[in-house]
Amino acid sequence: MRFPVPALAVLAALTGAAPAAAQEPLHLAVYVADSSSFHVTSTLIYGATEAVLVDAQFQNSEAEKLADRIAATGRRLKAILISHPDDDHYIGLAVLRQRFPGTPIYMSAAALSEFKRTSARYLAGSRSFQPSETPDSLPTPELLPSRQLLIDGAAVKVVTDVQGDAFVPSNSFVWVPSLRAVVAGDIVFNGVHVWLANSNQRTRTAWRHSLDRIAALHPRVVVAGHKRDAGLEDSPDAVEATRAYLTAFERAVHDASNADEVVAAMRQEFPDLSLAGILTRAARVAVPN
Ligand SMILES: [Zn+2]
């Protein structure tokens, strides 16, 4: 992830001049965690003076590194948006709240409802699984006040409560028109197996409609919710790759008599994807032995 030297912000501070808000285009910086955090991404969308963060990481240590990079940009962190109510996207919120006090944390209506229903259980699970990487408590996000967020006067749109990798349609994606960029959260995966342990045939069909909506925007950039490494391009090809994975999984489940057969078929078709453990979990849910 390339975070810039905050030259314009420094200049504005030195001269007392108003920042050249609308003149600087928006930028994206994508942070990618290591495999112990399932290569989950966080994306900073930033202009000359302001920034919005999408997703907050799964581990305290990753959230600290992310916070360092945000601070180094010199931009004011105006808001944090959590793309959907899965713990790998929000356990880092306690660190970010400490590092950026006063920055509001937003979720869509369905995501917030799910967060309130499930986050205590997820937090307890994280504490038993990775105690040193889990905070004692989490800030509760607030309801996203508008589907349009302004960053130095430039609008970005939040498309809320569509179907992604959660059972309930509670995934949001962000559309940055000036960059033709989509920050997709866990509607799109890039270079890793797709999280299907909280899905069924009905939700996977609805999920494909969400991919249709993203493709219809004809994006030039699509940032996946998880990607294999930071060097991997944020290509819109990931949308069709995710669709192909969903279709192949449906076929593998239909043809298999047990979970191992699903895993074997998918690994044969997608030999290069990381996070094979995710596939195993998905197969065991879809075809219980
Ligand atoms: Zn995720």
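In terms of the working numbering, the sequence shown opens at residue 3 and continues consecutively. Here a beta-carbon is modelled for each residue, glycine too, at the ideal position from N, C-alpha and C.
Query: Residue 129 (DSSP reduced to helix, strand or coil); Result: helix
Query: Own chain, CB closer than 7 Å to residue 135, minus 5 neighbours either side, in chain order; Result: 61, 62, 63
Query: Residue 45 beta carbon less than 8 Å from that of residue 229; Result: no
Query: Which of helix, strand or coil DSSP assigns to residue 59; Result: coil
Query: Delimiting residues of the beta strand (DSSP E) encompassing residue 196; Result: Here residue 196 belongs to no beta strand (DSSP E), and DSSP marks it neither H nor E.
Query: Every unbroken alpha helix (DSSP H) inside the region 251-276 [4 residues or more]; Result: 261-271
Query: Spatially closest choice to residue 209 from 194, 174, 231, 181, by CA coordinates; Result: 174
Query: Through-space distance from residue 117 to residue 105, alpha-carbon basis; Result: 19 Å
Query: Three or more C-beta pairs below 8 Å linking the region 208-226 and the region 234-245; Result: yes
Query: Residue 164 in three-state terms, based on DSSP; Result: strand
Query: Completely contained beta strand (DSSP E) runs for the region 85-130, where each covers 3 or more residues; Result: 107-109
Query: First and last residue of the uninterrupted beta strand (DSSP E) at residue 281; Result: Not the beta strand (DSSP E): residue 281 falls in the alpha helix (DSSP H), residues 278-288.
Query: Chain-ordered list of residues that sit, by beta carbon, closer than 7 Å to a heavy atom of ligand 1; Result: 40, 42, 88, 90, 91, 167, 188, 197, 227, 228
Query: Beta-carbon spacing of residue 109, residue 87 below 8 Å; Result: yes
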